[in-house]
Amino acid sequence: MTEAIDARPLVGGPDLPQVRRLVTSIPGPRSVELFARRNAAVARGVSTTLPVFVTAAGGGVVVDVDGNSLIDLGSGIAVVSVGNAAPRVVAAVADQAAAFTHTCFMVTPYEGYVAVCEKLNSLTPGDFLKKSALFNSGAEAVENAVKIARAFTGRSAVVVFDHAYHGRTNLTMALTAKNMPYKHSFGPFAPEIYRMPMAYPFRWPTGAANCGPEAASLVIAEMTSQLGVDNIAAVLIEPIQGEGGFIVPGAGFLPALSEFCKANGIVFVADEIQTGFARTGAMFASSHEGVVPDLVTTAKGIAGGLPLSAVTGRADIMDAAHVGGLGGTYGGNPVACAAALGAIRTIEELDLVGRARHIESLMLPRLQEMAGKFACIGDVRGRGAMLAVEIVVPGGLEPDAATTVAVAKACHAAGVVVLTAGTYGNVLRFLPPLVIPDELLLEALDVLEEAFATVT
Ligand code: PLZ
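Shown next as structure tokens:
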């Protein structure tokens, strides 16, 4: 047994001092020591963005074993939107864990699972009868949405898009676009997946203004002529692409696809795993263009950091899978369900939808101002607290991943957690916890600007 390097009992949550504080270099000596242990014990395939080891987190900060306090612009990849160790989540988890930790909902059920499904049925877009089923990870929710759509339609083809990300299991690797690092050497992949062009305004050949309608016509023509609509079970799309680079589809693209699906008996599935639960300044991002999906997949922000995911949608579609056809040992675990109810209540009580819009109003003008100063920023985009800049060789569209990584590393060294994204690795993305104090957010933007000034 190796002794824990830092056994101090630390309490996180919103009461942690909301400050950026560097007391060592990043990573500090204790983190370096732990990272050596990690390298010896953990498989190489699991990567690390920023090798500081965390002891507590809350509000807008992450505190490491060396006593550094970093500003969090990542939320553990859009998960702790309600803040890390959010009080209602912590209390609900503790209470539920003290009562019972597991029975398996398929063996002897419990109310928390039902309550989460009721909440999802009422919060997701669409004024019709809905049902839900709960799972553990985002990938598992996506897999189940495909199973349900196939059972409902009796068809097998699934349409996905360039730059899409849907997970790392075998079916979801097939649904995901990017080879490296997600798919390389891991095939063969599941069949009957068809990839279509994405309405990517910044890179649309005839200009951003034409992107939505032109891309929709193209995709609809390809589905009709190459696949045959009667073979298509589902169209699966992220209403704002996440790992693919925070691509907000050209206006009109999502509504046109959703209408086409409706007219042709195709199940329209919105993957809201990264965009859901207030993140984009709406409870779900489909709503920004008034799109009402048949099925919605959720995870990440649903439960304040506990592993939980869901498929929610039209009751007749959800009920198409036969009794016993959906499930799993842990899906909708009682502790995760308690956390979800705590997280959803927090979103409502603190008006985190409004907070996400407020964050956009603080960040977007600053990012646009930086785009005016630094020629490598080719595009500024996103909605709510899901914002990004795309980095290019000045004057054109050529992706510049090296500069992107250099800016991210400069932010890390200065105590700000930022993530990259994008098919070309040239997108810096910002996903602050929605409870981050304004001053901390503004300080993080100063650090970002300084990083651009130093690197470029
Ligand atoms: N669908 C839209 O964003 C997860 C992946 C991180 P899981 N995105 C973060 C990584 O490198 O593994 C995601 C998503 C969308 C599905 C998923 C998959 O969710 O909970 O990671 O399985």
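First residue of the sequence shown? That's 34 in our numbering, and the numbers climb one at a time after it. Even for Gly, the Cβ is constructed at its ideal location relative to N, Cα and C.
Beta carbon proximity, residue i to chain B, threshold 8 Å
i	result
Glu431	Among the chains of the structure shown, chain B does not appear; only one protein chain is present.
Beta-carbon proximity list for residue i, same chain, < 8 Å, skipping 5 on both sides
i	result
Ala90	Gly45, Leu49, Val96, Asp105, Val113, Asn117 and Ala118
Ser64	Pro84, Val85, Phe86, Asp97, Val98 and Asp99
Ala241	Pro234, Phe235 and Gly283
Gly61	Val85, Asp97, Val98, Asp99, Gly100 and Asn101
Contact under 8 Å by Cβ, residue i with residue j
i	j	result
Cys444	Ala404	no
Ala332	Ser170	yes
Val488	Ala439	yes
Ala421	Leu467	no
Thr260	Val193	Position check: residue 260 holds Leu in this sequence, whereas Thr was assumed. In this structure, Val193 does not lie closer than 8 Å to Leu260 by Cβ.
Gln51	Val94	yes
Leu385	Ala267	no
Arg121	Gly375	yes
Gly364	Phe138	yes
Val20	Ala207	One cannot answer for residue 20 here, as it falls past the ends of the chain, which runs 34 to 489.
Val329	Ala289	no
Leu400	Val413	yes
Glu305	Pro272	yes
Pro282	Ala232	yes
Gly309	Gly278	no
Leu67	Phe86	yes
Arg390	Gly314	yes
Ala182	Arg201	no
Glu322	Leu359	no
Gly411	Glu423	yes
Leu478	Pro465	no
Phe168	Asn177	yes
Tyr227	Ala174	no
Ala111	Gln307	yes
Same chain, Cβ closer than 7 Å to residue i, five either side skipped, listed in chain order
i	result
Ala486	none
Glu276	Tyr198 and Ala454
Ala434	Tyr457, Gly458 and Asn459
Val262	Met256, Asn297 and Ile299
Leu251	Pro230
Ala125	Ala371, Ala372, Leu374 and Gly375
Phe407	Phe485 and Thr489
Val56	Asp99, Gly100 and Asn101
Phe185	Val300, Ile350 and Ala353
His135	Asn366 and Pro367
Arg236	Leu430
Thr157	Lys163, Phe317, Val329 and Thr345
Pro470	Gln51, Gly92 and Gly93
Ile59	Val85, Asn101, His445, Ala446 and Gly448
Gly245	Ala232, Pro282, Gly283, Ala284, Gly285 and Phe286
Ala336	Ala369, Ala372, Ala373 and Ala376
Pro427	Ala408 and Cys409
Beta strand (DSSP E) segment containing residue i, residue limits
i	result
Ile410	Ile410 to Arg416
Ser165	Lys163 to Phe168
Leu420	Met419 to Ile424
Arg462	Val460 to Phe463
Arg228	Ile226 to Met229
Ala190	Ala190 to Phe194
Gly452	With the sequence shown as reference, residue 452 is identified as Leu, and Gly is not the correct amino acid for it. Element bounds for Leu452: Leu452 to Ala454.
Nonlocal neighbours in the same chain, by C-beta distance under 6 Å from residue i, ignoring five residues either side
i	result
Cys370	Gly145, Tyr146 and Val149
Leu43	Thr88 and Ala89
Glu472	none
Leu339	Ala369 and Ala372
Arg462	Phe279, Ala421, Leu452 and Ala454
Lys216	Met206
Where the alpha helix (DSSP H) through residue i begins and ends
i	result
Asp471	Asp471 to Val488
Phe185	Gly171 to Thr186
Leu204	Asn203 to Leu208
Leu395	Leu385 to Lys406
Ala25	The first residue shown for the chain is 34 and the last is 489, placing residue 25 beyond what the model contains.
**OP:** Report all residues for which the CB-ligand distance to some heavy atom of ligand 1 is below 6 Å; order them along the chain.
**Re:** Ile110, Ser170, Gly171, Ala172, Val175, Tyr198, His199, Gly200, Arg201, Glu271, Gly275, Glu276, Asp304, Ile306, Gln307 and Ala332
**OP:** Ignoring anything shorter than 4 residues or poking outside the segment 308–366, list the alpha helix (DSSP H) runs there in chain order.
**Re:** 348–351
Original post:
Can you list the alpha helix (DSSP H) stretches of 4 or more residues lying completely in the segment 57–144, in chain order?
Top reply: 62–74, 108–111 and 120–132
Original post:
Taking only runs of the alpha helix (DSSP H) that begin and end inside the segment 234–310, which ones reach a length of at least 4 residues, in chain order?
Top reply: 241–255 and 286–297
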